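First the structure, in the form of structure tokens, and then the observations on it.
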Amino acid sequence: MTETWYFIDTEKQTPAYNMAVDECLLKWHSDQKIPPTIRFYEWLPAGLSIGYFQKTVNKIDLEAVRNNGIELVRRLTGGRAVLHDQELTYSVIVSEEHPHMPKSVKEAYMVLSKGLLEGFHTLGIDASFATPEGKLNTTQSAVCFEEPSWYELIVDNKKAAGSAQTRKQGVILQHGSIPLTVDNDKLYDLFVYRNERVKQRARDAFNDKAISIEQAANRNVTLEETKKAFKKGFEKGLGIKLHEFQFTEEQEQEIKALMESKYLSDQWNFTR
């Protein structure tokens, strides 16, 4: 019998709200109030999410972030900074004890990312899993999309989706970014470099490291088409059926309370 998971599309929301929702979903699943859940979301205004352990001082150009109308928020998950603009963002919430979830982070990435792989295939994009051993160099860059990690999705050896994972309260939270288009100029203006020459060199090299949905498909791909493809992809890749649900008024209040107390606070976002 096919297992049923919840599915929710929260559409365009602020960066702080988006991170509060993911944390609330994790808590509710830990408390057995909801089944495993897949969520799609977007960002308004555009957001720069930074990893749980990532430093902002001498790494992120906070003035440039503000001047571009972008809101910075710190994630629960690790990894590097991601500019969330013209993209589909997803999150997966599932218990560590789920019978199909491997114990290791790396192997769980592979299982959950099968949904992403099938989503790309549904769009006619020949994506595959990254296996970095022996061919990818680790850099000190603060930019997430400069290199893929194990079992992230690549097309033509370029990173097509960036994901991060954490485990808290017995629950796996994996979320990630699937860019429809990428604005290299805006992206590299948000980070601190020794000088303009170094920044330009990084910007120029980025074209060989990352790829958007539209570049990979070599055609215009709408957000709605992308959503349908990846929803179908998660069902096929994880062998599940998705049931749509909406937040109750009580749940919305809990999300907003967490957003205001944590994800809008300078102490959470900048103290590292």
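Quick note: the sequence shown, position 235, residue 235 per full-length UniProt numbering, numbers continuous. Ideal Cβ positions, reconstructed from N, Cα and C, are used throughout, including at glycine. Everything numeric in this text was worked out from a predicted model, so none of it was measured.
Task: Closest Cα partner of GLN200 within the set GLN54, LYS209, LYS236 and ASP185 - done: Ranked by how close their Cα comes to the Cα of GLN200, the residues GLN54, LYS209, LYS236 and ASP185 have ASP185 in first place.
Task: Sequence-distant residues of its chain with Cβ nearer than 7 Å to SER86 (five each side left out) - done: Going by the sequence as given, residue 86 is Gln instead of Ser. So the qualifying residues of the chain are PRO179, LEU180 and THR181.
Open item on the list: From the DSSP secondary-structure annotation, give me the bridge partner or partners of SER163.
Closed with: Per DSSP, GLY176.
Open item on the list: When you compare the CB positions of ALA46 and PHE191, do they come within less than 9 Å of one another, or not?
Closed with: Cβ distance not < 9 Å, so ALA46 and PHE191 don't count as in contact.
- [ ] Note down, in chain order, each residue of its chain lying with its Cβ closer than 6 Å to the Cβ of GLU3, except the 5 sequence neighbours on either side.
- [x] Short of 6 Å from the beta carbon of GLU3, and not among the five residues preceding or following it, lie these beta carbons of its own chain, in chain order: ILE240.
Open item on the list: Within 10 Å of its beta-carbon, does ARG39 have 16 or more other beta-carbons around it, so buried, or fewer, so exposed?
Closed with: ARG39 is buried by the Cβ-count criterion.
TODO: Count the C-beta pairs between the region 99 to 106 and the region 222 to 230 that are closer than 8 Å, then say yes if the count reaches three, no if not.
DONE: Segments in contact, no.
- [ ] Could you name the residues of the same chain whose beta carbon sits closer than 6 Å to that of THR56, not counting the 5 residues immediately before and after it, in chain order?
- [x] Closer than 6 Å at Cβ, skipping near neighbours: PHE270.
- [ ] Taking the CB atoms as reference points, tell me whether ARG197 and PHE53 lie closer together than 9 Å.
- [x] For ARG197 and PHE53, no; Cβs fall outside 9 Å.
- [ ] Take the Cβ of PHE245 as the centre, count every other Cβ of all protein chains shown within 10 Å, and call the residue buried at 16 or more, exposed below.
- [x] Counting of Cβ neighbours within 10 angstroms places PHE245 among the exposed residues, the total staying below 16.
Open item on the list: Buried or exposed, going by whether 16 or more other CB atoms sit within 10 Å of the CB of THR248?
Closed with: Exposed, since its Cβ has fewer than 16 Cβ neighbours within 10 Å.
Open item on the list: Can you look up TYR52 in the DSSP assignment and give me helix, strand or coil?
Closed with: In the structure shown, TYR52 sits in coil (DSSP, three-state: anything other than H, G, I, E or B).
Open item on the list: Can you list, in chain order, the residues of its chain with a C-beta nearer than 7 Å to that of LYS27? Leave out the 5 residues immediately preceding and following it.
Closed with: When the five nearest sequence neighbours on each side are left out, the beta carbons in the same chain lying within less than 7 Å of the beta carbon of LYS27 are those of GLN169, in order along the chain.
Task: Terminal residues of the beta strand (DSSP E) in which LYS12 lies - done: Unbroken beta strand (DSSP E) run through LYS12: 3 to 13.
TODO: Could you give the DSSP three-state label for GLY134: helix, strand or coil?
DONE: Here the model assigns GLY134 a pLDDT of 41, short of 50, so the residue's position is not dependable and the matter cannot be decided.
Task: Cut-off 8 Å between Cβ atoms - residues of its own chain near GLY69, not counting five sequence neighbours on either side - done: Closer than 8 Å at the Cβ level, and outside the excluded window around GLY69, lie PRO45 and ALA46.
Task: Helix, strand or coil at SER265 according to DSSP, with G and I counted as helix - done: Correct three-state label for SER265: coil.
Open item on the list: If distances are taken between C-alpha atoms only, which option among ASP189, ASP126 and SER128 comes closest to ARG203?
Closed with: ASP189 is the residue among ASP189, ASP126 and SER128 whose C-alpha sits nearest the C-alpha of ARG203.
Open item on the list: Residues in the same chain with beta-carbon distance under 7 Å from THR10, minus the five sequence neighbours each way, listed in chain order, please.
Closed with: Closer than 7 Å at the Cβ level, and outside the excluded window around THR10, lie VAL21, ARG39 and TYR41.
Task: Sheet register partners of VAL155 (DSSP bridge) - done: LYS158, per the DSSP bridge assignment.
Open item on the list: Taking only three categories from DSSP, how would you classify GLY115?
Closed with: Looking at GLY115 - three-state DSSP - the assignment turns out to be helix.
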